[in-house]
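Here the structure is laid out as structure tokens; the discussion comes afterwards.
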Amino acid sequence: MSAAFRDAFLSALVSLGLFGPIVGLQTVPAPGGLALRMRPVLVGVLVALVFFGRLLFLAFWQMRRAGGAKTFQPLLSAIEKAVPLRQTGRFVAPLLLLLALIWPFVVGRYYLDLGILVLTYVMLGWGLNVVVGLAGLLDLGYVAFYAVGAYSYALLAQFTGLGFWACLPISGLLAALWGITLGFPVLRLRGDYLAIVTLAFGEIIRIVLLNWVSLTGGPNGISGIPRPTLFGLSFSGDGPGTFAGFFHLEPSPIHRIVFLYYVILGLALLTNLVAIRLRRMPLGRAWEALREDEIASRSLGINITITKLTAFAVGACFGGFAGAFFATRQGFISPESFTFMESATVLAIVVLGGLGSQLGVALAAIVMIGGSELFREFADYRMLVFGLALVVMMAVRPRGLVATRRPSISLGAARAISAEMVAQGRG
Amino acid sequence: MTKPAAMPWLLCVENLMMRFGGLTAVDHLSFNAERGQITAIIGPNGAGKTTVFNCITGFYRPTSGTILLTHPNGAEYRLDQLRGDHINRRAGVARTFQNVRLFAGMTVLENLLVAQHNRLMAASGFGIRALFGSGRYRRAEQEAIDRAKFWLDRIGLLARADDPAGALPYGAQRQLEIARAMCTEPILLCLDEPAAGLNPRETEDLGALLLQIRAEGCSLLLIEHDMKMVMQISDHIIVLDHGRKISDGPPAMVRADPKVISAYLGEGEDSEEQTELSLEQKA
């Protein structure tokens, strides 16, 4: 008991050290500059919260270890047994899909925009999932391919006058090409080294975009990127050749937003479809085998380099598609949109969702992007809550929301494989 | 053993040398392995057996020397120069590992399908045909599943085909690793201590499986410490000590070789460490 008090006291001391300067001292505008205002009460309240919170936590921990564990832990696993992943997936995934399909008709402009944003990240997550989740290659520079896709479309449209639908595949191919170009030198690296080099590659692309002013416009970016059309029908204005004119509708800016929403939904579903099919194919199985054991894969005659390169190329290709969509949606791009923060967010989505799980990644994108958008008003505390949520998440479910692996093929009924069995890959 | 006039040796190792810095793990080793036989490499711990294996299966590039594999159709492969994955894919050499290396998070069936990667990949038109679900790919996949089922049936794991490989008991994992290697349809199967950690019953099953594999035309190269099994199933034994060959011949001859006995029992300074492998085990 005294140990618990000592522990709680130490926690309170640490929080005093932290909150003292951060919360306790506030600068306020005063005549002649800034004045320092003390807030001892608030600090006291916070420290007390930490003290009692820690005590409660320790008590709970004690209970769980003493006997609670016997009721608590089996309860969790019983729930997971009773509602196996396949079944949850069977209900949750179609529900999500249905919701995604009717979303534009049930919500307003703000939530529609949010939906587009979330779906962009879902698509990026699914793309990165091929590289990180299936092949087990830690890629910290995924934003590079997103940037390549976006700039490919913007520049192609600017110099050749091609439309979105013509440029989309080209952007994807160019991004895939960059994936392969990056892949060749780095794929002999493993684990942490691979992560560092991909991180550097992401930064290199951004800095080149920033400094190649004659081509990319540097920090000013590229504006006036053409908007997508529906079989040649444009979404701006009225009259023949426009969407509103053709269908005899009242011209409204919402038409384009709804259209963009369905474009990204389609692209994301395409990513999902290809990823799911690839997983059941020899190539996808080879990716997973690489993640599990590279040496054994080689002894079975699998070409490691080619297999890793295809994973990189496929992931990069989807990143490129998403980038092209981003460019056409914004109408303006600049290197600022392609910082390391984007790579980190997408990676966090994949890790939170559960490596290799399509449904998990979609859920994680909704929670992470949707959640942080909804809490925009509490901008100051957003990152704090976000960080806390990540820590809690990793403590409770270290292998992500959907931590089980579903076999790619089975003789009888497929049973999910628990995460403890599945390797995470060492690059 | 005399070499048949028409048929060249299956595997011909000549002057193989492997140095790690100042340490010579394999020192001018030459031996031959005959087609359709079980050739065992034995020797005390640290004799360089696994190093020889790693040279043959392309995990190490030998410092010098040649390793020549000749297929029944006369095609010759220099294993010391071949790229890692080509050793299996082109030359048809499969291997298992001293510490089992299965894809633990994948099911037993998936493990066996990964082993047929190259065949399936060719049938899938490098993914394009499979993406659209063509009939040719589906047939190839069904064949691969049938082959996997055949091996699972043989090692008695058909009922556990959908379980993760990591959840199998140790003995079954060892057998699955052999089945996985056999699914690549090799002409030479290299086994690195397949009986390590098995109980006598499992060892017996393993011996029967290996004899069956030999009867079906696949040659075997075997590293093993279980002398009882080695003496029972091998056609030809090569004994290594400190990276050199000290004996080479049929089991009866090797067993009687005084150099082999002294290598195992030790003489002079390192006698105490070596006595763990007793004579009784050898007989």
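Sequences listed follow chains A and B, in order.
Each number in my numbering comes from the position in the first sequence (counting from 1) with 189 added on.
Each number in my numbering comes from the position in the second sequence (counting from 1) with 11 added on.
Where is the CB? At the ideal position from N, CA and C, for every residue including glycine.
Can a CB atom of chain B be found closer than 9 Å to the CB of residue i?
i: A478 (chain A); result: yes
i: P293 (chain A); result: no
i: E481 (chain A); result: yes
i: A546 (chain A); result: Note that residue 546 (chain A) corresponds to Ser in the displayed sequence, not to Ala. Chain B, which has no Cβ nearer than 9 Å to the Cβ of S546 (chain A), makes this no.
i: I305 (chain A); result: no
i: G380 (chain A); result: no
i: V617 (chain A); result: As displayed, chain A neither begins before 190 nor continues past 616, which places residue 617 (chain A) out of reach and without an answer.
i: V580 (chain A); result: no
i: R588 (chain A); result: no
i: A500 (chain A); result: no
i: R228 (chain A); result: no
i: P696 (chain A); result: Within the shown structure, residues of chain A are numbered from 190 to 616, placing residue 696 (chain A) beyond reach of any answer.
i: R275 (chain A); result: The predicted position of R275 (chain A) is uncertain, since its pLDDT is 49 and thus under 50; a value taken from the coordinates is nonetheless stated next. Answer no: the Cβ-Cβ gap between R275 (chain A) and chain B never drops below 9 Å.
i: A612 (chain A); result: yes
i: S425 (chain A); result: no
i: S403 (chain A); result: no
i: S561 (chain A); result: no
Let me know the secondary structure DSSP gives residue i once reduced to three states.
i: P84 (chain B); result: At residue 84 (chain B) the sequence reads Asn, which differs from the Pro that was named. Looking at N84 (chain B) - three-state DSSP - the assignment turns out to be coil, as it is neither helix nor strand.
i: A224 (chain A); result: strand
i: V271 (chain B); result: helix
i: S412 (chain A); result: strand
i: R30 (chain B); result: strand
i: R183 (chain A); result: The shown model of chain A, from 190 to 616, leaves out residue 183 (chain A), and the question about it has no answer.
i: C305 (chain B); result: This structure does not reach residue 305 (chain B), given that chain B is present from 12 up to 294, and the question cannot be answered.
i: L214 (chain A); result: strand
i: D203 (chain B); result: strand
i: F521 (chain A); result: strand
i: P175 (chain B); result: strand
Contact criterion: CB-CB distance below 9 Å. Does residue i meet it with respect to chain A?
i: L288 (chain B); result: Low confidence applies to L288 (chain B): its pLDDT is 47, below 50, so where it sits in the model is not reliable, and the reading given next is rough at best. No, its Cβ sits nowhere closer than 9 Å to a Cβ of chain A.
i: M116 (chain B); result: Before going further, note that residue 116 (chain B) is Gly rather than Met in the sequence given. Yes, contact with chain A.
i: L22 (chain B); result: no
i: P19 (chain B); result: no
i: D157 (chain B); result: no
i: T61 (chain B); result: no
i: F161 (chain B); result: no
i: R72 (chain B); result: no
i: G177 (chain B); result: yes
i: A190 (chain B); result: no
Just list the residues that DSSP pairs residue i with in beta bridges.
i: R260 (chain B); result: In the sequence under discussion, the amino acid at residue 260 (chain B) is Gly, which differs from the Arg named in the question. Per DSSP, B:I248.
i: E25 (chain B); result: B:T77
i: L90 (chain B); result: Its beta-bridge partners do not exist; DSSP assigns none.
i: R594 (chain A); result: A:I606
i: N43 (chain B); result: B:C23
i: I52 (chain B); result: B:I234, B:I249
Chain B partners of residue i, CB-CB under 9 Å?
i: A475 (chain A); result: V125, H128, M132
Is residue i buried or exposed, if buried means 16 or more other CB atoms sit within 10 Å of its CB?
i: K270 (chain B); result: exposed
i: S441 (chain A); result: exposed
i: W162 (chain B); result: buried
i: G257 (chain A); result: Low confidence applies here, because G257 (chain A) scores a pLDDT of 49, under 50, leaving its location unreliable; read the following figure in that light. G257 (chain A) is exposed by the Cβ-count criterion.
i: H128 (chain B); result: buried
i: S341 (chain A); result: buried
i: P374 (chain A); result: exposed
i: W250 (chain A); result: exposed
i: M193 (chain B); result: buried
i: L21 (chain B); result: buried
i: L124 (chain B); result: buried
i: S546 (chain A); result: buried
i: N492 (chain A); result: buried
Residue i versus chain B: which residues are under 7 Å apart at the beta carbon?
i: N178 (chain A); result: Given that chain A is displayed from residue 190 to residue 616, the structure contains no residue 178 (chain A) and the question cannot be resolved.
i: L600 (chain A); result: L120, A172, D173
i: I369 (chain A); result: Residues of chain B passing the Cβ test: none, with the nearest at roughly 15 Å.
i: A603 (chain A); result: D173
Can you name the residues of chain B whose CB is closer than 8 Å to the CB of residue i?
i: I446 (chain A); result: Simply none; closest approach about 32 Å.
i: P358 (chain A); result: The contacting residues do not exist; P358 (chain A) stays about 15 Å from chain B at best.
Could you tell me which chain A residues have their CB closer than 8 Å to the CB of residue i, listed as they occur along the chain?
i: S135 (chain B); result: M470, P471, L472
i: K183 (chain B); result: Per the sequence shown, residue 183 (chain B) should be read as Ala rather than Lys. Here the premise fails: no neighbours, minimum Cβ distance about 15 Å.
i: T68 (chain B); result: S488
i: T77 (chain B); result: Ordered by position in chain A, no residue passes the 8 Å Cβ test against T77 (chain B), which lies about 21 Å from the chain.
i: T195 (chain B); result: L489, G490
Between residue i and the ligand COA, is the CB less than 8 Å from at least one heavy atom?
i: T499 (chain A); result: As presented, the structure is devoid of all ligands, the ligand COA included, so that no description of it is given.
Residue i touches chain A at which residues, Cβ-Cβ below 7 Å?
i: R100 (chain B); result: G490
i: R112 (chain B); result: D482, I484, A485
i: R106 (chain B); result: S488
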